[in-house]
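In our numbering, the protein residues as written are 1467 to 1650.
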């Protein structure tokens, strides 16, 4: 996604931490309106997400443990875009690893920032259809603890409204997918 026509001016770099998946920086900046201040940002390579739909109209979600929330979250399958991959390559790999399905029809739904107040992470959302359940799916990553969950559209909507599905990227992507599913 474009960062915009008016990038801030870096006055002083205070701190940078480079982690395994993202980096954190704290800088003194001058914004386009000439305001100066201290700003922190998480720099992230982006993520790719699929809204997978089975031939009988069920949505494929995953319930996985997230250490940040200290619990299991219901989400659509997603993953961090690796340096050597495009977002589409990332989600094609992730959907197989996380759900055991392969999609034969893909449609890009859009892209959006997750939390632009403190991160530049962009989610690239796709609709995945014509799913095939793999006999021998790839192994999940060692740090993944994931269960596949099949839900109707009404069950997904109910989970959103009752807090059972509280992942913003999944909610946004579900809403982006809905017009394509009701039109077909």
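Ideal placement from N, C-alpha and C gives every residue a C-beta, glycine not left out. Here the structure is a predicted model, which is why all the values come from computation and not from measurement.
Residues of the same chain with a CB within less than 8 Å of the CB of residue 1606, apart from the 5 flanking positions on each side, are 1563, 1564, 1612 in chain order. One thing to note: residue 1598 has its Cβ within 8 Å of the Cβ of residue 1568. Selection 1499, 1526, 1505, 1479 evaluated against residue 1471 yields 1499 as nearest (Cα-Cα).
Within the region 1478 to 1560, no run of alpha helix (DSSP H) reaches 4 residues while sitting entirely inside it. Every alpha helix (DSSP H) stretch that sits fully inside the region 1612 to 1650 and reaches 4 residues is listed by chain position as 1619 to 1628, 1634 to 1649. By the neighbour-count criterion, in which 16 or more other beta carbons inside 10 Å mark a residue as buried, residue 1483 falls on the exposed side. Residue 1606: not part of any beta strand (DSSP E); DSSP gives it neither H nor E. Per DSSP, the beta-bridge partners of residue 1594 are 1518, 1572. At the C-beta level, residue 1494 and residue 1506 stay beyond 8 Å of one another.
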